[in-house]
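To keep things clear, I will list the structure first and then write my remarks on it.
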Amino acid sequence: MQVKRRLAYIYGETPVEVLRHGHTVGFYFPVKQGSKSADIAALQAVAAQFEYLLSQKGISEDDIVREFRQMCEADRTNKRKDLDE
Numbered sequence: 007m008q009v010k011r012r013l014a015y016i017y018g019e020t021p022v023e024v025l026r027h028g029h030t031v032g033f034y035f036p037v038k039q040g041s042k043s044a045d046i047a048a049l050q051a052v053a054a055q056f057e058y059l060l061s062q063k064g065i066s067e068d069d070i071v072r073e074f075r076q077m078c079e080a081d082r083t084n085k086r087k088d089l090d091e
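In terms of this note's numbering, the sequence shown opens at residue 7 and continues consecutively.
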């Protein structure tokens, strides 16, 4: 199984792109356990890494917001269809 072979990345410090059928479905950003201030610093580092990865893929914040809204609207439409059936 591919997941088992790649588990070593979970314990590393490098962000990992999660693919499904060749398409990005998410990112895994490892963080170390620590104090609240360390957690905040880790989240800020993750945010910076995420921005960098998005820029490398040519994805803007507006693109993410637009896709999120489209997904929400599609979800609402599907729920309405389910209620009508």
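Ideal Cβ placement from N, Cα and C applies to all residues, glycine included.
- Nearest in C-alpha terms to Gly-32, of all of Phe-56, Lys-38, Ser-41, is Phe-56.
- By the criterion of at least three beta-carbon pairs nearer than 8 Å, the segment 16-36 is in contact with the segment 48-67.
- Only residues of its own chain outside the window of five on either side were considered, and among them Val-37, Lys-38, Gly-40 have a CB closer than 8 Å to the CB of Ala-48, listed in chain order.
- Non-local beta-carbon contacts of Lys-85 in its own chain, meaning distances under 6 Å to residues more than five positions away in sequence, are absent.
- Secondary-structure assignment with DSSP links Gly-32 through a beta bridge to Val-24.
- If you draw a straight line from the Cα of Thr-83 to the Cα of Gln-76, it comes to about 10 Å.
- In the three-state reduction of the DSSP assignment, Val-37 falls in the coil class.
- Per DSSP, Ile-65 lies in no alpha helix (DSSP H) segment and is marked neither H nor E.
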